[in-house]
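Participant: For the sequence shown, my numbering assigns the number 700 to the initial residue and increments by one for each residue that follows.
Sharing a structure with you now.
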Amino acid sequence: MGRMTFVELFLCFSAGALMVHAEDPYHFFEWNVTYGTIAPLGVPQQGILINGQFPGPKINCTSNNNIVVNVFNNLDEPFLLTWNGVQHRKNSWQDGTLGTMCPILPGKNFTYHFQVKDQIGSFYYFPTTGLHKASGAIGGLQVHSRDLIPVPFDNPADEYFLLLGDWYNKGHKSLKKQLDSGRSIGRPDGIHINGKSGKVSDKASEPLYTVESGKTYRCRVCNVGMRTSVNFRLQGHTLKLVEMEGSHTVQNVYDSLDLHVGQCLSVLVTANQVPKDYYFVVSSRFAQHPLSSVAIIRYLNGNGPASPELPLSPPDNTEGIAWSINQFRSFRWNLTASAARPNPQGSYHYGQINITRTIKLANSRSYVDGKLRFGLNGVSHVDSETPLKLAEYFGASDKVFKYDIIKDEPPQDNTKLILAPNVLNATFRNFVEIIFENHERTIQTYHLDGYSFFAVAIEPGRWSPEKRKNYNLLDAVSRHNIQVYPNSWAAVMTTLDNAGMWSLRSEMWERVYLGQQLYFSVLSPARSLRDEYNLPDNTPLCGIVPGLPLPPPYTA
Ligand SMILES: *[C@@H]1O[C@H](CO)[C@@H](O)[C@H](O)[C@H]1NC(C)=O
Ligand SMILES: *[C@@H]1O[C@H](CO)[C@@H](O)[C@H](O)[C@H]1NC(C)=O
Ligand SMILES: *[C@@H]1O[C@H](CO)[C@@H](O)[C@H](O)[C@H]1NC(C)=O
Ligand SMILES: *[C@@H]1O[C@H](CO)[C@@H](O)[C@H](O)[C@H]1NC(C)=O
Ligand SMILES: *[C@@H]1O[C@H](CO)[C@@H](O)[C@H](O)[C@H]1NC(C)=O
Ligand SMILES: *[C@@H]1O[C@H](CO)[C@@H](O)[C@H](O)[C@H]1NC(C)=O
700 MGRMTFVELF LCFSAGALMV HAEDPYHFFE WNVTYGTIAP LGVPQQGILI NGQFPGPKIN
760 CTSNNNIVVN VFNNLDEPFL LTWNGVQHRK NSWQDGTLGT MCPILPGKNF TYHFQVKDQI
820 GSFYYFPTTG LHKASGAIGG LQVHSRDLIP VPFDNPADEY FLLLGDWYNK GHKSLKKQLD
880 SGRSIGRPDG IHINGKSGKV SDKASEPLYT VESGKTYRCR VCNVGMRTSV NFRLQGHTLK
940 LVEMEGSHTV QNVYDSLDLH VGQCLSVLVT ANQVPKDYYF VVSSRFAQHP LSSVAIIRYL
1000 NGNGPASPEL PLSPPDNTEG IAWSINQFRS FRWNLTASAA RPNPQGSYHY GQINITRTIK
1060 LANSRSYVDG KLRFGLNGVS HVDSETPLKL AEYFGASDKV FKYDIIKDEP PQDNTKLILA
1120 PNVLNATFRN FVEIIFENHE RTIQTYHLDG YSFFAVAIEP GRWSPEKRKN YNLLDAVSRH
1180 NIQVYPNSWA AVMTTLDNAG MWSLRSEMWE RVYLGQQLYF SVLSPARSLR DEYNLPDNTP
1240 LCGIVPGLPL PPPYTA
């Protein structure tokens, strides 16, 4: 190899990396991101569309498929998409957050290329730049099991995707202006279901979906909202939970399900009632001002409108929190269902692995120079002009950020916030326990990119090491998002076996924009292609890295 030029080496290894995937099918997409008028709550406003649509096009694929999406930014602001829950193994280069990538500038395009690897399940994509998430560019992404891998339920008659969440009638620019001036964005105006909202009194409107008597359907449901937890239910029908954020679950039957911001799940619904219309109901949970929306599920050849009497949501008081925590505890991983990958995240026997590091994170809300900010353990993240991943890779991290300003324990006074890029130096392959503490009066939800974690416990009160004996160390669901109730804690565990720079964040976008996020820097000391792909050729460079010498590529 010694005689190859640097460029030959680079090409050689890029080609090598591609050859590994050559047998896996490709799906190509061209997406044009533009402004356009939408009215999710009936009030026309400027939305962000993909190929003219809101919600955006659905990506339908199978484990190990390659997804190639050429995104043309026709907005007047920099833009990025992330693929929530898609693990991007070895590839944080294209994770779509400002800590990993330069944004796509107005008038420019960028081609994401990632492999969904051994994942299955229901996910969604959304924009991470500014407050774009409040205006659209959100869509579903479903990953089917490969043919040879059995799925633990019969093939449904059809599959329906439901993206739902709270909505603001103000556009992203005015919401952002509010945050930049130091104020909160306040309460949302309503709830939408696939970009529409409905009330019981509405004159017979178009059905959301149509079903045939006797058939069973898979509904993939994601909460894509800005901040509001919801409960959903279908009049007269039960919901059989089968999948949650990429894991097949024990198939319990529910009358209604809570779904927190950023979470996705699949339920089976059997059309076994009198053929007519039924309301699908979504209502806010634990919100000061309750919001709800309905949509019609219509039986083919059915006869009659939906009953105006809606099934009730569980209460929003302390009992309602207890109800919700109990429901969380009923979610179990189906250990006998074959997973796409036999051994996800290191081990089925995660309960027997010794914890190498405990990271306890407490959220806070505070004012800095009179302006609202949010933080984790006293640090409020600010994005740098140079993406953290690129700064690190080009050996220029010291000019952009400092590792470990954040500590593994919350400080005494968590409300004193330091504003800085928030990067935690994590050790490759460590088995970590992350405790989320919520000392506020509102519910929180957290998400980790690049990984799924075992969601082992949620309890009211304060965490202490003795609480570990209450963990579910057998069949906790492996997922990427967890809610934390007011004055409660939640614990998750994962093996940091995916090298890269990974975002851990609140899923509430006001909080993310104002600093409630951090990055795990997981470096493989080997600089090996087995652990991380090389910097993709089409990576745009920005900030201080253009012109810096390109580091030698990783080797086999
Ligand atoms: C994208 O949409 C804009 C505005 O409608 C249009 O001018 C442009 O031609 C489109 N570009 C592509 C690549 O489709
Ligand atoms: C989605 O993809 C699966 C296989 O990958 C295929 O069987 C199914 O028909 C596709 N569905 C749609 C709606 O395209
Ligand atoms: C932009 O789109 C063009 C035309 O499809 C494509 O050839 C090019 O590779 C894209 N650029 C990037 C950075 O992905
Ligand atoms: C778990 O999956 C297995 C294998 O597909 C299936 O037979 C079983 O019914 C599932 N168990 C539960 C409790 O859902
Ligand atoms: C875990 O730690 C215990 C006690 O420190 C030790 O005895 C055991 O060998 C460790 N197990 C593994 C798998 O490392
Ligand atoms: C990160 O932690 C590892 C030990 O896990 C240490 O060797 C390394 O020097 C640390 N890096 C920085 C930049 O602090």
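The beta carbon of each residue, even a glycine, is placed where N, CA and C say it ideally should be.
Using the C-alpha atoms, what's the distance from residue 1099 back to residue 1073?
Facilitator: In the sequence shown, the residue the question calls residue 1073 occupies position 374. In the sequence shown, the residue the question calls residue 1099 occupies position 400. Pairing residue 1073 with residue 1099, the inter-Cα distance amounts to about 21 angstroms.
Participant: To which residues does DSSP link residue 1190 through a beta bridge?
Facilitator: Residue mapping note: residue 1190 aligns to position 491 of the sequence shown, counting from 1. Residue 1190 is bridged to 1134 and 1156.
Participant: Who are the Cβ neighbours of residue 951 in its own chain at under 6 angstroms, not counting the five residues just before and after it?
Facilitator: Taking the first residue of the sequence shown as 1, we reach residue 951 at position 252. Cβ neighbours of residue 951 beyond the five flanking positions: 940 and 1029.
Participant: Consider the C-beta atom of residue 1126 and the heavy atoms of ligand 6; say whether any pair is separated by less than 7 angstroms.
Facilitator: Along the sequence shown, one-based indexing puts residue 1126 at 427. If you check the C-beta of residue 1126 against ligand 6, you find a heavy atom less than 7 angstroms away.
Participant: Are the segment 952 to 966 and the segment 877 to 892 touching, with three or more C-beta to C-beta distances below 8 angstroms?
Facilitator: Segments in contact, no.
Participant: Tell me the rounded alpha-carbon separation between residue 1209 and residue 1060.
Facilitator: Sequence index remark: in the sequence shown, residue 1209 carries index 510 (1-based). Sequence index remark: in the sequence shown, residue 1060 carries index 361 (1-based). Looking at the two C-alpha atoms, the distance is approximately 18 angstroms.
Participant: What does DSSP give as the partner residues of residue 826 in its beta bridges?
Facilitator: The sequence position of residue 826 within the sequence shown is 127, counting from 1. Under the DSSP definition of a beta bridge, residue 826 partners with 780.
Participant: With DSSP run on the structure shown, which of helix, strand or coil describes residue 981?
Facilitator: Translated into the one-based positions of the sequence shown, residue 981 becomes position 282. In the structure shown, residue 981 sits in a strand (DSSP, three-state: E or B).
Participant: Could you tell me the boundaries of the beta strand (DSSP E) in which residue 994 lies?
Facilitator: The residue labelled residue 994 in the question sits at position 295 within the sequence shown. Note, residue 994: beta strand (DSSP E), 991 to 998.
Participant: Got a sec: does ligand 1 put a non-hydrogen atom nearer than 7 angstroms to the Cβ of residue 773?
Facilitator: Taking the sequence shown and counting its residues from 1, the one referred to as residue 773 is at position 74. Yes, the Cβ of residue 773 comes within 7 angstroms of a heavy atom of ligand 1.
Participant: Where does the unbroken alpha helix (DSSP H) through residue 1027 begin, and where does it stop?
Facilitator: Counting from 1 along the sequence shown, the entry for residue 1027 is found at position 328. Residue 1027 -> alpha helix (DSSP H) spans 1017 to 1029.
Participant: Residue 1257 lies in the alpha helix (DSSP H); which residues open and close that run?
Facilitator: Because residue 1257 is not part of the residues shown, which for the chain are 700 to 1255, the question remains open.
Participant: Spatial neighbours of residue 877 within its chain, please: C-beta separation below 7 angstroms, excluding the five flanking residues on both sides.
Facilitator: In the sequence shown, residue 877 corresponds to position 178, counting from 1. Cβ neighbours of residue 877 beyond the five flanking positions: 884.
Participant: Would you give the residue range spanned by the beta strand (DSSP E) that residue 1032 belongs to?
Facilitator: Translated into the one-based positions of the sequence shown, residue 1032 becomes position 333. Note, residue 1032: premise wrong, no beta strand (DSSP E); not H, not E.
Participant: Can you determine whether any heavy atom of ligand 6 sits closer than 7 angstroms to the C-beta of residue 659, and answer yes or no?
Facilitator: Since the first residue shown for the chain is 700 and the last is 1255, residue 659 is missing from the structure and cannot be characterised.
Participant: Looking at C-beta atoms only, is the number of pairs between the segment 1166 to 1173 and the segment 1204 to 1222 that lie closer than 8 angstroms three or more?
Facilitator: no
Participant: Can you give me the C-alpha to C-alpha distance between residue 1240 and residue 1140, rounded to a whole angstrom?
Facilitator: Walking along the sequence shown from the start, residue 1240 turns up at place 541. Walking along the sequence shown from the start, residue 1140 turns up at place 441. Cα to Cα, the separation comes out at about 42 angstroms.
Participant: Kindly list the residues whose CB is nearer than 8 angstroms to the CB of residue 1066, restricted to its own chain and excluding five residues on each side of it in sequence; keep chain order.
Facilitator: Your numbering for residue 1066 matches position 367 in the sequence shown. Within the same chain, residue 1066 has close Cβ partners 881 and 1072.
Participant: Output the boundary residues of the alpha helix (DSSP H) element that contains residue 941.
Facilitator: Indexing the sequence shown from 1 puts residue 941 at position 242. Segment 938 to 943 is the beta strand (DSSP E) holding residue 941; no alpha helix (DSSP H) there.
Participant: Going by other Cβ atoms of all chains shown within 10 Å of its Cβ, with 16 needed for buried, is residue 786 buried or exposed?
Facilitator: In the sequence shown, counting from the first residue as 1, residue 786 sits at position 87. Residue burial annotation: residue 786 is buried, with at least 16 other C-beta atoms found within 10 angstroms of its C-beta.
Participant: Relative to the alpha-carbon of residue 795, which residue among 824, 1127 and 774 has its alpha-carbon at the smallest distance?
Facilitator: As a working mapping, residue 795 is identified with position 96 in the sequence shown. The candidate whose alpha carbon is nearest that of residue 795 is 824.
Participant: Residue 810: beta carbon under 7 angstroms from a heavy atom of ligand 3?
Facilitator: Indexing the sequence shown from 1 puts residue 810 at position 111. Yes, Cβ of residue 810 sits closer than 7 angstroms to a heavy atom of ligand 3.
Participant: Residues in its own chain within less than 6 angstroms of residue 1226 by CB, not counting five upstream and five downstream?
Facilitator: In the sequence shown, the residue the question calls residue 1226 occupies position 527. So the list reads 1253, once near-sequence residues are dropped.
Participant: Starting from the N-terminal side, write out each stretch of the alpha helix (DSSP H) that is 4 residues or longer and does not extend beyond the segment 850 to 894.
Facilitator: 871 to 879
Participant: Are the beta-carbon atoms belonging to residue 1192 and residue 1091 less than 8 angstroms from one another?
Facilitator: For the purposes of this step, residue 1192 is taken as residue 493 along the sequence shown, with counting starting at 1. For the purposes of this step, residue 1091 is taken as residue 392 along the sequence shown, with counting starting at 1. No, they are not a contact pair.
Participant: Pick out whichever of 973, 986 and 1026 has its Cα sitting closest to the Cα of residue 1004.
Facilitator: Indexing the sequence shown from 1 puts residue 1004 at position 305. With distances taken between Cα atoms, residue 1004 lies closest to 973.
Participant: Mind checking who residue 953 pairs with in its DSSP beta bridge?
Facilitator: Stepping through the sequence shown from its first residue, residue 953 is reached at position 254. DSSP lists 938 as partners of residue 953.
Participant: So is the beta-carbon of residue 790 under 7 angstroms away from any non-hydrogen atom of ligand 3?
Facilitator: Counting from one through the sequence shown, the residue named residue 790 turns up at place 91. Result no, Cβ not under 7 angstroms from ligand 3.
Participant: When you compare the CB positions of residue 818 and residue 842, do they come within less than 8 angstroms of one another, or not?
Facilitator: By 1-based counting over the sequence shown, the position of residue 818 is 119. By 1-based counting over the sequence shown, the position of residue 842 is 143. In contact: residue 818 and residue 842 (Cβ atoms closer than 8 angstroms).
Participant: How close, in whole Å, do the beta carbons of residue 983 and residue 927 come, if the pair is a contact with beta carbons under 8 angstroms?
Facilitator: On the sequence shown, position 284 is the one that residue 983 refers to. On the sequence shown, position 228 is the one that residue 927 refers to. That belief holds up - the Cβ atoms of residue 983 and residue 927 are roughly 5 angstroms apart, short of 8 angstroms.
Participant: With a 10 Å radius around its C-beta and 16 neighbouring C-beta atoms as the bar for buried, classify residue 1248 as buried or exposed.
Facilitator: For the purposes of this step, residue 1248 is identified with residue 549 of the sequence shown, where counting begins at 1. Its Cβ having fewer than 16 others within 10 Å, residue 1248 is exposed.
Participant: Using only the heavy atoms of ligand 1, determine whether one of them is closer than 7 angstroms to the beta carbon of residue 733.
Facilitator: As a working mapping, residue 733 is identified with position 34 in the sequence shown. Yes - ligand 1 has a heavy atom lying nearer than 7 angstroms to the Cβ of residue 733.
Participant: Might you give, ordered along the chain, the residues of its own chain that have their beta carbon closer than 6 angstroms to the beta carbon of residue 864, omitting 5 neighbours on each side?
Facilitator: As a position in the sequence shown, residue 864 is number 165, starting the count at 1. These residues qualify, in order along the chain: 922, 923 and 924.
Participant: Against chain B, with Cβ distances strictly below 8 angstroms, would residue 789 count as a contact?
Facilitator: This model lacks chain B altogether; it includes just one protein chain.
Participant: Examine ligand 2 and report whether any of its heavy atoms sits within less than 7 angstroms of the Cβ of residue 760.
Facilitator: Start at 1 with the first residue of the sequence shown, and residue 760 comes out as number 61. Result yes, Cβ under 7 angstroms from ligand 2.
Participant: For residue 1257 and residue 784, I'd like the C-alpha separation in whole angstroms.
Facilitator: Residue coverage of the chain in this structure runs from 700 to 1255, which leaves residue 1257 outside it and unanswerable.
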